[in-house]
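Working notes, beginning with the structure itself.
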Amino acid sequence: MFINATGYFIPEGRVSNDHFFEINGLTSEWILQRTGIQTRSKAENGENAETMGINAVKNAMQQLPYPIEDVDLIVSACYSPRDTVATLAHLIQREFKIENAKAMYLSSACSSFANGLELVEGYFAMNKASKALIICSEHNTYYSNESDPKCGHLWGDAAVALFVSKEKQNEDESQILDVYTRGLGHIGKGPDGVHLRPKEDGITMPEGRDVFIHACKYMIEVLEHLTNKNNISIPDLKYIICHQANMRIVANVAHQLNLDMNKFLNNIQELGNTGSASAMLVLAQHIHELKKGDLIGLTVFGGGYSSGGFLVKI
3 MFINATGYFI PEGRVSNDHF FEINGLTSEW ILQRTGIQTR SKAENGENAE
53 TMGINAVKNA MQQLPYPIED VDLIVSACYS PRDTVATLAH LIQREFKIEN
103 AKAMYLSSAC SSFANGLELV EGYFAMNKAS KALIICSEHN TYYSNESDPK
153 CGHLWGDAAV ALFVSKEKQN EDESQILDVY TRGLGHIGKG PDGVHLRPKE
203 DGITMPEGRD VFIHACKYMI EVLEHLTNKN NISIPDLKYI ICHQANMRIV
253 ANVAHQLNLD MNKFLNNIQE LGNTGSASAM LVLAQHIHEL KKGDLIGLTV
303 FGGGYSSGGF LVKI
């Protein structure tokens with residue numbers, strides 16, 4: 003698969019750590035030490051998962067080498083949608099008049115984007131699509147409970163869009179060499195680790211320690227699988243992008259792999275945990291700074307549990 007265009011939308015609003023002291027008693031130093039987060043992005047009045055997704059697509063269209071109407075598959079991949087019936091994929095189809103596309107919604111917590119990309123890979127392999135758009139728009143603060151001392155301070159909002167094609171559209175395009183995902187509901191606390199139950203208590207993380215332990219383990223497993231399959235080693239990767247859940251997780255992964263933190267690209271310090279958009283968002287923010295031939299490994303872990311990632315050659 004080839005990357006035709008990337009785009010993103012990040013709300014201008016920022017919530018500092020100090021905001022939470024009056025709400026749940028957590029100090030800025032406590033939050034920073036345990037999460038690496040200094041501020042988090044927050045959708046403003048009038049912004050939501052749908053408006054952010056549309057803006058991310060518009061941003062990507064500036065680079066798109068073909069008319070958006072040529073897209074024949076639209077996948078909305080996320081866990082915090084505004085509407086689970088009239089999905090973002092269908093809204094995008096209508097907004098941009100993409101009349102000849104399949105449109106669907108997919109969710110697997112914070113590995114949703116990787117699973118969406120693998121779904122596209124399957125449609126390409128079956129010759130049921132040739133040009134696809136994946137949109138991931140996470141409006142975490144719409145569902146989060148700021149007073150929750152376990153995870154109310156983690157969440158940020160953002161959207162990312164990726165246009166991919168089965169065949170190369172121009173010579174400068176980056177290539178997705180491999181995609182790997184795995185359901186892990188059978189391990190650890192599994193489906194009890196993280197919840198999003200809108201009519202009860204929103205996004206909660208009752209088993210944060212269990213999430214941490216398994217995220218560290220299985221994000222490394224993803225990188226090992228992708229590199230071994232493609233006959234390279236993890237140190238061959240120019241950069242690694244982890245799911246932006248917690249800087250301590252990223253530091254733990256770096257420590258276990260005996261790699262310098264300079265090898266890891268991050269945005270969690272400013273944006274917080276932007277959910278399944280986070281890893282692809284980091285790539286979209288930096289892709290134009292990377293050099294031809296650079297290998298980038300993306301690896302994610304989602305509550306539920308699930309893992310996934312993909313290997314990109316710039």
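This note's numbering applies: residue 3 is where the sequence shown begins, and numbers increase by one. Here a beta-carbon is modelled for each residue, glycine too, at the ideal position from N, C-alpha and C.
query, result
"In whole angstroms, what is the alpha-carbon distance linking phenylalanine 2 and proline 83?", "The question about residue 2 has no answer here: the residues shown for the chain are numbered 3 through 316."
"Count the other C-beta atoms from every protein chain shown that fall within 10 angstroms of the C-beta of lysine 133, then say buried if there are 16 or more, exposed otherwise.", "buried"
"Report the residue ranges of all alpha helix (DSSP H) runs contained in full by the region 74-153; include only those spanning at least 4 residues, in chain order.", "90-97, 114-127 and 142-145"
"Hey, would you say valine 302 sits closer than 8 angstroms to cysteine 112, going by beta carbons?", "yes"
"Over the uninterrupted alpha helix (DSSP H) stretch that includes asparagine 230, give me the two end residues.", "210-231"
"Taking 8 angstroms as the threshold (C-beta atoms), are isoleucine 94 and glycine 55 in contact?", "yes"
"To the nearest angstrom, how far is the alpha carbon of cysteine 244 from that of arginine 250?", "11 angstroms"
"Using the C-alpha atoms, what's the distance from methionine 263 back to alanine 256?", "6 angstroms"
"Under 8 angstroms, with one C-beta from each stretch per pair, do the region 99-111 and the region 68-79 reach the 3-pair mark?", "yes"
"Apply the 10 Å Cβ neighbour rule to threonine 86 and answer buried if 16 or more other Cβ atoms are within range, or exposed otherwise.", "exposed"
"My assumption, with CB atoms under 8 angstroms, is that leucine 198 sits in contact with lysine 315. Please give the rounded CB distance.", "That belief does not hold up - the Cβ atoms of leucine 198 and lysine 315 are roughly 34 angstroms apart, past 8 angstroms."
"Between Pro69, Ile205, Tyr145 and His155, which has its C-alpha nearest isoleucine 33's C-alpha?", "His155"
"Determine the direct distance from the alpha carbon of histidine 188 to that of isoleucine 242, and round the result to whole angstroms.", "27 angstroms"
"How should arginine 211 be labelled, buried or exposed, when 16 other C-beta atoms within 10 angstroms of its C-beta is the threshold for buried?", "exposed"
"How is the beta strand (DSSP E) around alanine 161 delimited, first residue to last?", "159-167"
"Is the region 115-124 in contact with the region 275-293, if contact means three or more CB pairs nearer than 8 angstroms?", "yes"
"My output table needs one value for asparagine 61: the three-state DSSP class, helix, strand or coil.", "helix"
"In this structure, how does DSSP classify glutamine 177 when only helix, strand and coil are distinguished?", "strand"
"Reducing DSSP to helix, strand and coil, say where asparagine 275 ends up.", "strand"
"With which residues is alanine 7 paired in a DSSP beta bridge?", "Phe165"
"Might you give, ordered along the chain, the residues of its own chain that have their beta carbon closer than 6 angstroms to the beta carbon of alanine 286, omitting 5 neighbours on each side?", "Thr8, Tyr10 and Val162"
"Answer with buried or exposed for alanine 88, where buried requires no fewer than 16 other C-beta atoms within 10 angstroms of its C-beta.", "exposed"
"What residue from Asn232, Glu120, Tyr307 and Gly185 has the CA that sits closest to isoleucine 136's CA?", "Glu120"
"Look up isoleucine 53 in the DSSP assignment and give the residues it is bridged to.", "Per the sequence presented here, residue 53 reads as threonine, with isoleucine not at that position. Answer by DSSP bridge pairing: none, since threonine 53 is not bridged."
"Please return the same chain residues whose Cβ sits closer than 8 angstroms to the Cβ of asparagine 232, not counting the five positions on each side in sequence.", "Leu179, Asp180 and Leu313"
"Threonine 143: buried (16+ other C-beta within 10 angstroms of its C-beta) or exposed?", "buried"
"So what does DSSP say about glycine 192, is it helix, strand or coil?", "helix"
"For isoleucine 251, report the span of its beta strand (DSSP E) as first-last.", "No beta strand (DSSP E) contains isoleucine 251, which is instead part of the alpha helix (DSSP H) from 249-259."
"By the DSSP assignment, the alpha helix (DSSP H) with serine 280 in it spans what residues?", "280-288"
"Check the DSSP bridge columns for isoleucine 243 and list the partner residues they point to.", "Leu300"
"Please identify the residue among Pro208, Arg184, Gly195 and Lys170 whose C-alpha is closest to the C-alpha of proline 67.", "Lys170"
"Classify glycine 295: buried if its beta carbon has 16 or more other beta carbons within 10 angstroms, exposed otherwise.", "exposed"
"Any idea which residues DSSP pairs serine 30 with across the strands?", "BP columns for serine 30 are empty, so no partner."
"Short of 6 angstroms in beta carbon distance, which residues of its chain neighbour phenylalanine 98, apart from the five on each side in sequence? Order them along the chain.", "Ile70"
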